[in-house]
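For the sequence shown, our numbering gives the first residue as 74, with consecutive numbering after it.
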Amino acid sequence: MHTDFDVAIAGAGPVGLLIANFLGQRGIRTVILEQLPELIDYPRGVGIDDETLRTIQAAGLIDSVMEHVTPNQIMHFTSSSGRIFASLQPTTDEFGFPRRNSFIQPLVDKVLADGLKRYPCVDLRFGQEVAAFEQDDDRVSIQFTGGQPPLTARYLVACDGGNSLIRRSLGIKFEGRTAANRWIVVDIANDPLGAPDSFLHGRPSRPYVSIALPHGLRRFEFMLFDGEAPDDVVSDEMLHSLLQPLIARPDDIDLIRARVYRHNGRLAERFRDGRIILAGDAAHIMPVWQGQGYNSGVRDAFNLAWKLALVVDNKANDSLLDTYGAERREHARAMISLSEAAGVIFSPTNRIVAKFRDALVRFIGIIPSIRSYFLEMRFKPMPRYKEGALFYQQGYADNSAVGRMFIQPLVDRAEGPVKLDQVLGNGFALLAWGVDPRRWLDDQALRIVEDLGIKIISAVPSTQAAFERKRSDLEIVGDHQGRLKTWFGLQNRAVVLLRPDRFVAAISSPQEVSHAIKEFARIASIKL
Ligand SMILES: Cc1cc2nc3c(=O)[nH]c(=O)nc-3n(C[C@H](O)[C@H](O)[C@H](O)COP(=O)(O)OP(=O)(O)OC[C@H]3O[C@@H](n4cnc5c(N)ncnc54)[C@H](O)[C@@H]3O)c2cc1C
Numbered sequence: 074m075h076t077d078f079d080v081a082i083a084g085a086g087p088v089g090l091l092i093a094n095f096l097g098q099r100g101i102r103t104v105i106l107e108q109l110p111e112l113i114d115y116p117r118g119v120g121i122d123d124e125t126l127r128t129i130q131a132a133g134l135i136d137s138v139m140e141h142v143t144p145n146q147i148m149h150f151t152s153s154s155g156r157i158f159a160s161l162q163p164t165t166d167e168f169g170f171p172r173r174n175s176f177i178q179p180l181v182d183k184v185l186a187d188g189l190k191r192y193p194c195v196d197l198r199f200g201q202e203v204a205a206f207e208q209d210d211d212r213v214s215i216q217f218t219g220g221q222p223p224l225t226a227r228y229l230v231a232c233d234g235g236n237s238l239i240r241r242s243l244g245i246k247f248e249g250r251t252a253a254n255r256w257i258v259v260d261i262a263n264d265p266l267g268a269p270d271s272f273l274h275g276r277p278s279r280p281y282v283s284i285a286l287p288h289g290l291r292r293f294e295f296m297l298f299d300g301e302a303p304d305d306v307v308s309d310e311m312l313h314s315l316l317q318p319l320i321a322r323p324d325d326i327d328l329i330r331a332r333v334y335r336h337n338g339r340l341a342e343r344f345r346d347g348r349i350i351l352a353g354d355a356a357h358i359m360p361v362w363q364g365q366g367y368n369s370g371v372r373d374a375f376n377l378a379w380k381l382a383l384v385v386d387n388k389a390n391d392s393l394l395d396t397y398g399a400e401r402r403e404h405a406r407a408m409i410s411l412s413e414a415a416g417v418i419f420s421p422t423n424r425i426v427a428k429f430r431d432a433l434v435r436f437i438g439i440i441p442s443i444r445s446y447f448l449e450m451r452f453k454p455m456p457r458y459k460e461g462a463l464f465y466q467q468g469y470a471d472n473s474a475v476g477r478m479f480i481q482p483l484v485d486r487a488e489g490p491v492k493l494d495q496v497l498g499n500g501f502a503l504l505a506w507g508v509d510p511r512r513w514l515d516d517q518a519l520r521i522v523e524d525l526g527i528k529i530i531s532a533v534p535s536t537q538a539a540f541e542r543k544r545s546d547l548e549i550v551g552d553h554q555g556r557l558k559t560w561f562g563l564q565n566r567a568v569v570l571l572r573p574d575r576f577v578a579a580i581s582s583p584q585e586v587s588h589a590i591k592e593f594a595r596i597a598s599i600k601l
């Protein structure tokens, strides 16, 4: 049946824009429908993590985005007495980027929107407010306010934010709670403090956060007490009284915006209803404590886009789309829980709770392993998919690398070292340690490799790369940092099948590679 587009996306926030970039990369006819006349231009998200930067790298926009990022943002925590008791400064870069970074959301969102100009198959339309929709077995019809002509698409992705009309219209419950605390978020240009790090001051008299942002911006977030300020207006007097203890001249600031927010933690009861799929804030919202709202939406985008593309391209059955919710929903729930727990720890308004917290943290600080667990941010739940488009050879195992994001070390090409993903490309990849897996591909596995465009690469110790390149027509990379050898060593297997979102789909020995590819294809509903 004819439709105007393959995929319609409601909402031009970061999640809708990223999905559209990935669909554009794969030549899918896509329209983004945004109710506003332009992108939201005020600061919102300020924390961007390593997984998100890797995702933007895959969208081919990392260089322009990094212009609006401060890498390695350190966050200090102060006790009730104002003493720094801990500093988050993770040093690992397993996915190829630092773990904690600050950024300016509207500038990065603009890069994502400009990126769409590369794809003639993607149409970004402003001033189009989705008012209603209906779906049947073949398509979704979408109507707009203001009498604009309706349109049809095979799938509709709801990226229309936390108040999603689409989610509400479908009657999908948004389970969770709204915290009692309200916060004033104040964004200021020409940073009156200027210090490069960020602080979370846990004083019970008024917890507040002070965050250094790129391009000389500063964000303050102050907890409000009951009845202190109305929900919609922040008066000049209020602002002055909040800033006065912190900066020299509170009357002389370049205020961008001051707004009152409540912290919500909510999760949609399901992420899919037939041809309609929820992503980003439409599917989950969480307190800003871990800065994971934006990043969780980006994870959705990376996870969903390649699946949608395969289904639309008729290479996979529609049931592949069910794996999106199966994989993403549990992780979003874990992030909400972590963000809520952090809020309880960092914003005590009760002196006894604050003293207990300070004592506990001092105790934790003396034990090196626990200390590094916190400061290296190993408490952050890494996406780990137990079920979905994954092949666990002997059933699910906790210590398996299947269902986890693969590392991104530097690898040597003939012309010099590059990040691994530059070699992997944007689709599936079969990465082998020291062997040529083609030796064991049977006819059916080979056909899947060709149909899915799986790129085959072999990694060897850097010392052997030049020699191997001379005797093989396979793409050979050198293990520049020795991290691939360590990774494969721990798995005790030599071949890994990677999905386009860099998650490990299957691991096998060279001789079992055909079986692994075929089983993955079966589980992922690939049309054989
Ligand atoms: C003050 C604040 C601070 C934050 N800090 C952080 C942080 O530090 N780190 C972090 O990771 N996240 C943070 N977030 C969250 C982050 O900004 C969001 O998670 C992120 O923007 C969600 O992206 P999205 O694309 O899902 O939705 P949105 O960015 O909300 O985009 C939704 C879009 O849909 C459009 N839309 C809505 N309804 C319709 C309709 N009917 N038809 C057409 N278009 C429609 C809207 O106009 C909007 O453009 C913060 C948010 C706020 C408000």
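All residues carry an ideal CB built from backbone N, CA and C; glycine is no exception.
Would you list the one or two residues that DSSP bridges to residue i?
| i | result |
| --- | --- |
| Tyr228 | Val80 |
| Met296 | Trp256 |
| Leu290 | Leu286 |
| Ala505 | Ser531 and Val568 |
| Gly526 | In DSSP, Gly526 forms no bridge with anything. |
| Thr103 | Val80 and Val195 |
| Phe272 | His149 and Ser283 |
| Gly249 | Arg339 |
| Glu207 | Ser214 |
| Ser581 | Val568 |
| Ala262 | Asp327 |
| Gly551 | Asp485 and Val533 |
| Gln466 | Gly468 |
Taking all protein chains shown into account, decide if residue i is buried (16 or more other Cβ within 10 angstroms of its Cβ) or exposed.
| i | result |
| --- | --- |
| Asp325 | exposed |
| Asp182 | buried |
| Asp546 | exposed |
| Phe298 | exposed |
| Arg250 | exposed |
| Ser283 | buried |
| Phe501 | buried |
| Glu592 | buried |
| Gly526 | exposed |
| Asn376 | buried |
| Arg544 | exposed |
| Thr164 | exposed |
| Tyr192 | buried |
| Met359 | buried |
| Gln481 | buried |
| Pro223 | exposed |
| Gly551 | buried |
Which of helix, strand or coil does DSSP assign to residue i?
| i | result |
| --- | --- |
| Ser153 | coil |
| Asn254 | strand |
| Ser602 | Nothing can be reported for residue 602, as the shown portion of the chain is limited to 74 through 601. |
| Met478 | strand |
| Asp122 | strand |
| Lys492 | strand |
| Phe95 | helix |
| Arg198 | strand |
| Phe540 | helix |
| Ser545 | coil |
| Phe576 | strand |
| Ile113 | coil |
| Glu460 | coil |
| Ala85 | coil |
| Leu312 | helix |
| Asp485 | strand |
| Ile596 | helix |
| Gln221 | coil |
| Pro510 | helix |
| Gly562 | helix |
| Gln108 | coil |
Practice task
Report the residue ranges of all beta strand (DSSP E) runs contained in full by the region 326-411; include only those spanning at least 3 residues, in chain order.
Solution key: For the region 326-411, whole beta strand (DSSP E) runs of length 3 or above, ordered along the chain, are 327-341 and 349-351.
Problem - Runs of beta strand (DSSP E) lying entirely within the region 130-185, each at least 3 residues, in chain order - result: Every beta strand (DSSP E) stretch that sits fully inside the region 130-185 and reaches 3 residues is listed by chain position as 148-151, 157-161 and 173-176.
Practice task
Assess, as a yes-or-no matter, whether the region 241-257 is touched by the region 342-362 under the definition of 3 or more beta carbon pairs within less than 8 Å.
Solution key: Segments in contact, yes.
Practice task
Give a yes or no on contact between the region 136-147 and the region 165-176, applying the rule of three or more CB pairs nearer than 8 Å.
Solution key: Segments in contact, yes.
Exercise for the section: Evaluate the contact criterion for the region 508-515 versus the region 478-491: three or more CB pairs, one atom per stretch, below 8 Å. Expected result: Short answer: they don't touch.
Handout entry: Three CB pairs or more closer than 8 Å across the region 330-342 and the region 86-103
Key = Counting C-beta pairs with one atom in each stretch, the region 330-342 and the region 86-103 have fewer than three that are closer than 8 Å, which means they do not touch.
Exercise for the section: Answer yes if the region 117-134 comes into contact with the region 210-222, meaning at least three C-beta pairs across the two stretches below 8 Å, and no otherwise. Expected result: As far as the Cβ criterion goes, the region 210-222 does not touch the region 117-134, which means the pair count is below three.
Problem - Touch test, the region 573-585 against the region 464-472, Cβ-Cβ under 8 Å, three pairs minimum - result: Result yes; three or more Cβ-Cβ pairs closer than 8 Å.
Exercise for the section: Determine, using beta-carbon pairs with one atom in the region 221-241 and one in the region 263-281, whether at least three such pairs fall under 8 Å. Expected result: Contact between the region 221-241 and the region 263-281 is absent, with fewer than three C-beta pairs closer than 8 Å.
Exercise for the section: Inspect the CB distances between the region 583-600 and the region 373-393 and report whether three or more fall short of 8 Å. Expected result: Judged by Cβ distances under 8 Å, the region 583-600 makes contact with the region 373-393, as three or more pairs qualify.
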